[in-house]
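To start, the structure under review is shown below, and the notes come after it.
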Amino acid sequence: MLYKSKQICLFITVSQDCSKKTLSKMSRYLLIFVALTVVVAVCTQGAEAQTKPGRCPTIRPGTVGTCVEACINDSSCSGNKKCCGNGCGHVCRSPV
Numbered sequence: 001m002l003y004k005s006k007q008i009c010l011f012i013t014v015s016q017d018c019s020k021k022t023l024s025k026m027s028r029y030l031l032i033f034v035a036l037t038v039v040v041a042v043c044t045q046g047a048e049a050q051t052k053p054g055r056c057p058t059i060r061p062g063t064v065g066t067c068v069e070a071c072i073n074d075s076s077c078s079g080n081k082k083c084c085g086n087g088c089g090h091v092c093r094s095p096v
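Position 18, counted from 1, in the sequence shown is what the numbering used here calls 18; the numbers after and before it change by one each time, with no gaps.
Right, dumping it as structure tokens:
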């Protein structure tokens, strides 16, 4: 593969000779990151969210809760608790 820019060549390869196919450390880390991102996306895609019965307690207007994401969906919560918005983040709460 020919590279049009010497800077791109130096980023992708260890040596200045673009004909060599040796990847630099940065390129290896980038490939590992992309591979792990794909694995996580594929693994979480199959996990179906279970919606538990009941509804989340209502939040009074102007209420700002703790800005933490303690759950993703009802399946993330133990027992009969639901994943509810609190005005900023999401936490597990008993349904009403």
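Using N, Cα and C, we set each Cβ at its ideal position, and we do this for glycine too. Quick caveat, the model's predicted, so the values are computed rather than measured.
Beta-carbon separation of residue i and residue j under 8 angstroms?
i, j, result
"Q50", "S75", "yes"
"C84", "P57", "yes"
"P61", "K82", "no"
How long is the line joining the alpha carbons of residue i and residue j, rounded to whole angstroms?
i, j, result
"G87", "S24", "45 angstroms"
"N80", "N73", "12 angstroms"
"E69", "A35", "25 angstroms"
In terms of DSSP beta bridges, what is residue i paired with?
i, result
"R93", "K82"
How would you label residue i, buried or exposed, when you count the other beta carbons within 10 angstroms and need 16 or more for buried?
i, result
"V64", "exposed"
"C71", "buried"
"G46", "Caution is warranted here: a pLDDT of 48 is assigned to G46, below 50, making its placement in the model unreliable, and the coordinate value is therefore given only provisionally. G46 comes out exposed."
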